[in-house]
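Student: In our numbering, the protein residues as written are 2 to 626.
(1) Quick one: measure Cβ to Cβ for residue 148 and residue 91, integer angstroms, because I've assumed they're closer than 8 Å.
(2) Residue 56: which of 64, 46, 63 sits nearest, CA to CA?
(3) Do residue 619 and residue 660 have their beta-carbon atoms positioned less than 8 Å apart in this structure?
(4) Quick one: measure Cβ to Cβ for residue 392 and residue 299, integer angstroms, because I've assumed they're closer than 8 Å.
(5) Do the stretch 494-507 and the stretch 254-273 make contact, defined as three or more Cβ pairs closer than 8 Å?
(6) I need the boundaries of the alpha helix (DSSP H) containing residue 138, first residue and last residue.
(7) How is residue 64 classed by DSSP in three states: helix, strand or coil?
(8) Assuming contact is defined by CB atoms lying nearer than 8 Å, are residue 395 and residue 318 in contact in what I supplied?
(9) Is it true that the CB of residue 494 sits closer than 8 Å to the CB of residue 262?
(10) Rounded to whole angstroms, what's the CA-CA distance from residue 571 to residue 555? Just pull it up for me.
(11) What would DSSP say about residue 634, mapped onto helix, strand or coil?
(12) Rounded to a whole number of angstroms, what is the C-alpha to C-alpha distance between residue 24 and residue 226?
(13) What's the gap between the Cα of residue 434 and the Cα of residue 220?
(14) Can the beta-carbon of residue 291 be found closer than 8 Å to that of residue 327?
(15) Over what stretch of residues does the alpha helix (DSSP H) that includes residue 248 continue unbroken?
(16) Among 614, 589, 249, which one has its Cα closest to the Cα of residue 206?
(17) Does residue 337 pass the burial test, meaning 16 or more other C-beta atoms within 10 Å, or should it be called exposed?
(18) In terms of alpha-carbon separation, which member of 65, 470, 450, 172 lies closest to residue 152?
(19) DSSP on residue 347, reduced to helix/strand/coil?
(20) For residue 149, which three-state DSSP category applies?
(21) Residues in its own chain within less than 7 Å of residue 583 by CB, not counting five upstream and five downstream?
(22) Which class does residue 285 belong to by DSSP, given the choice of helix, strand or coil?
(23) Use the C-beta contact count for residue 197: other C-beta atoms within 10 angstroms, 16 or more gives buried, fewer gives exposed.
(24) May I ask you to report which of helix, strand or coil DSSP gives residue 19?
(25) With a Cβ-Cβ cutoff of 8 Å, do residue 321 and residue 566 count as a contact?
(26) Can you pull the DSSP bridge partners for residue 295?
(27) Near residue 575, what residues of its chain come up, given a Cβ to Cβ distance below 7 Å and the 5 sequence neighbours on each side ignored?
(28) If I follow the unbroken beta strand (DSSP E) through residue 321, where does it start and stop?
(29) Residue 324 by DSSP, collapsed to three states: which one?
(30) Should residue 344 be labelled buried (16 or more other beta-carbon atoms within 10 Å of its own) or exposed?
(31) What's the gap between the Cα of residue 389 and the Cα of residue 475?
(32) With burial defined as no fewer than 16 other Cβ atoms inside 10 Å of the residue's Cβ, what is the status of residue 578: buried or exposed?
(33) Alpha carbon to alpha carbon, how far is residue 616 from residue 185? Give it in angstroms, no decimals.
(34) Could you have a look at residue 390 and say whether DSSP puts it in helix, strand or coil?
(35) Should residue 330 be flagged as near chain C, meaning a C-beta pair shorter than 8 Å?
(36) Using the Cα positions of residue 257 and residue 150, report the straight-line distance between them to the nearest angstrom.
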């Protein structure tokens with residue numbers, strides 16, 4: 002077969018069985034053809050036919066028919082060292098035969114047809130002519146080759162008399178190959194996954210874009226086609242004899258509202274008792290460290306720690322880009338109020354991100370972007386002899402996104418999906434399917450004020466915090482007090498109007514610990530008088546806009562100080578990581594994951610902060626592709 006365009010010409014070389022005695026001559030031929038024309042990979046040809054890859058000049062495609070075992074050894078001994086990948090068409094009913102007389106009978110009945118000449122009969126008796134095993138097919142796939150269907154029994158399709166036979170030969174072959182050429186391997190983390198060199202690491206395009214746009218794969222999808230992640234609160238049931246499996250929920254996030262919790266006092270008391278029970282079980286003689294921010298979660302964590310852990314056994318740190326930040330000011334106020342020393346300040350720099358760039362994406366399978374690795378370099382040194390108290394999962398436990406009023410508007414994920422530009426429709430369809438599966442158990446129950454809250458509780462926070470916790474646990478012993486099913490169940494049973502906008506945490510801090518320091522959140526602006534409140538709000542917005550223009554004009558080298566530090570990651574991207582971004586997007590184009598139009602869109606840095614996290618995600622994924 003030949004397929005020609007103005008830009009390329011692709012010729013197909015069709016081979017069958019090759020005796021080992023001819024391997025030397027075959028290698029000479031392949032080397033000469035590779036030097037003069039070059040070979041194209043089957044996957045690249047697929048992209049070419051779909052209009053997603055340009056092939057320059059004339060190229061060759063190497064194919065093998067019938068699925069002989071000799072093809073496997075030829076691929077391993079000759080093609081793989083030359084980095085040439087072939088397309089192997091096999092007959093499943095031939096490959097499953099293990100007895101020689103059965104193999105001979107199959108070849109005689111299905112390969113020879115009417116021309117039973119002497120040469121063909123000699124081939125039947127050739128001890129080298131064996132069917133390729135399914136095990137060796139999987140090895141070829143893992144090496145980058147492609148397995149194709151050559152029908153079930155090598156029948157001449159034009160001679161078949163019924164649609165049933167036709168369906169069996171074509172679809173039946175596909176089903177067997179998909180089933181046989183799959184292995185079920187269970188990993189607890191991506192670190193183990195990368196240790197297996199022979200596992201197929203083909204990129205899943207829908208998974209790729211889900212990670213870029215949402216920070217993690219949705220539902221079971223990951224960066225890789227043949228690797229699935231477990232949904233939250235689910236179990237896998239495996240049929241050992243068939244390798245088939247199914248995933249089932251063992252716990253439902255939809256928890257009935259407890260009508261007996263009818264006041265802020267009752268809700269707060271129940272939450273206080275459960276948190277107190279968790280923190281009271283910590284080892285008082287152990288040395289701990291904890292990251293202290295101006296936020297609500299770290300405040301309430303430190304408040305409970307102050308009850309049970311001696312002051313000398315707890316070291317605190319705060320991270321940021323400048324010690325003048327409001328974040329650090331509020332953190333210091335809380336710490337001093339509770340009787341602790343001023344937290345150590347870890348200044349974030351370009352190095353803070355670069356140090357983790359080479360291993361963080363791999364440990365998380367690309368699900369944690371480098372914009373989230375800012376304190377890992379600090380923790381690697383600071384927590385060597387201490388246990389880290391983590392506030393991960395606190396946002397799930399405290400229902401971060403709860404609004405006071407029921408709000409069934411379109412979710413953030415749905416909006417993002419509907420706003421996707423220049424992404425193929427089949428990829429968008431896969432992403433929408435994943436979102437649909439994520440929302441499958443959702444119903445408009447009282448404990449969820451919106452679809453957003455449900456998605457964040459079941460998808461984003463669950464996966465993000467679990468992946469991040471694992472990354473940190475590789476170099477630091479960690480305690481996660483908010484990883485408590487009982488705690489989550491209780492909080493989810495509290496009526497929405499009592500826990501909206503973190504009012505419940507506010508109540509506990511003020512009434513149980515007398516902590517009444519302003520919230521760090523820039524959206525609340527809790528200053529004493531209306532005049533200063535309005536001034537700070539508009540000053541904040543003005544600085545945002547001014548710094549956005551300055552980043553663009555100075556390529557990130559000039560930026561005015563903002564006490565809310567909202568733009569520093571934007572600045573780092575402009576100043577320090579833009580070249581990394583452009584190299585990464587070009588790599589994605591070369592691999593067929595992006596087209597040129599998409600590359601140009603992602604290379605242009607936005608004026609506002611929208612799209613900054615997504616670009617950091619791209620840089621992180623570039624380390625894996």
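Built from N, CA and C at the ideal position, the CB exists for glycine as well.
Tutor: The answer reads as follows:
(1) 6 Å
(2) 46
(3) Since the first and last residues shown for the chain are 2 and 626, residue 660 lies out of range.
(4) 6 Å
(5) yes
(6) 135-143
(7) It is a strand residue.
(8) No, these two residues do not count as a Cβ contact at 8 Å.
(9) yes
(10) 13 Å
(11) Here the chain has residues from 2 to 626 only, and residue 634 is not among them.
(12) Here the C-alpha atom of residue 24 lies approximately 34 Å from the C-alpha atom of residue 226.
(13) 9 Å
(14) No, they are not a contact pair.
(15) Going by DSSP, residue 248 is part of no alpha helix (DSSP H) but of the beta strand (DSSP E) stretching over 245-250.
(16) 589
(17) exposed
(18) If we check each option's Cα against that of residue 152, 172 comes out closest.
(19) strand
(20) strand
(21) 604
(22) coil
(23) exposed
(24) coil
(25) yes
(26) None, per the DSSP bridge assignment.
(27) 552, 556, 557, 606
(28) 315-321
(29) If DSSP states are grouped into helix, strand and coil, residue 324 belongs with coil.
(30) buried
(31) 12 Å
(32) buried
(33) Approximately 33 Å between the Cα atoms of the pair.
(34) strand
(35) Here there is only one protein chain, and chain C is not present.
(36) Rounded to the nearest angstrom, the gap between the Cα atoms of residue 257 and residue 150 is 51 Å.
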